[in-house]
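Numbering-wise (the numbering used here), the sequence shown opens with residue 523 and increments by one. Ideal placement from N, C-alpha and C gives every residue a C-beta, glycine not left out.
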Amino acid sequence: MTGNTRKLQKLIGDFYMFRDHCIIIRRDYNTYNDLFFSGVDELLIKTAPVFFNDIAEIMSRDWLLQVCKIMDPSTKKMKGIEYETISIELLNTQLRKENLLTDQIKKLSSQILAYGGLIKPARNKRIAHFDRNSAVSGIVLGDHDEKSLSDFLAHLQQYCDEVGRAIGVGPLDFSASGCKGDVRDLIMILRQYFEVAQQTHTMDGRR
């Protein structure tokens, strides 16, 4: 195996890890959206309002952390030792060396990193660390509109597809993440439970 072949194989391996992480990001977004933005608020409140509020906060914090990971520099130093990080910058550095970094990949990278600029203050000052000045001031960190979020998700999908094509592994649509045992099954079971409970209550009232 030549040196160039080894470098390309490393790039492909790094990309697979990166894309797998992006799939997790999209899956978590879909789960959050199905739970809290699909018109089932009343169902969740009737079931366990405190629990689902906690779940919303936990998922929101973790999602910011996972998204910010892909915005990291390509390397970091710990105790004088340099480590690579699976990130856009790492992939683009390798793509550039292989003459595979297209203008479209550059554009999508900039768009994704711009979204990172919106949310990093929340990660840096509230989630990964507890910045006193931010806490005292009560300022909202990481706030952005729905369009910025939907654009980010679209750009992330497009970036993965463009890089996949560039290195020869092809695109993969990960916008949908439904599977057996997912959040939609939970919602279905909760609905069935309350329907049965309502029917039982109605029948008891007629006796």
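Query, Result
"Glutamate 717 classed as buried or exposed, judged by whether at least 16 other C-beta atoms fall within 10 angstroms", "exposed"
"Integer Cβ distance of leucine 613 from aspartate 536, believed to fall under 8 Å", "6 Å"
"Span of the beta strand (DSSP E), counted from its first residue to its last, around methionine 600", "597 to 600"
"Buried or exposed by the 16-neighbour rule on C-beta atoms within 10 Å, applied to valine 589", "buried"
"Whole-Å CB distance - glutamate 684 paired with leucine 623, under 8 Å assumed", "Glutamate 684 to leucine 623, Cβ: 10 Å. No contact."
"Residue burial classification, alanine 644 (beta-carbon count within 10 angstroms, cutoff 16)", "buried"
"Valine 562, buried or exposed, once every other Cβ within 10 Å from all chains shown has been counted against 16", "buried"
"Burial state of cysteine 544 (16 or more Cβ within 10 Å)", "buried"
"Of the residues Asp550, Tyr538, Leu565, the one placed nearest alanine 698, counting alpha carbons only", "Asp550"
"Residue from Ser659, Tyr605, Thr527, Ile610 with nearest C-alpha to lysine 628", "Ile610"
"Candidates Leu640, Ile608, Glu604, Phe696: closest to isoleucine 546 by CA position", "Phe696"
"Alanine 676 burial status per 10 Å Cβ neighbour count (16 or more: buried)", "exposed"
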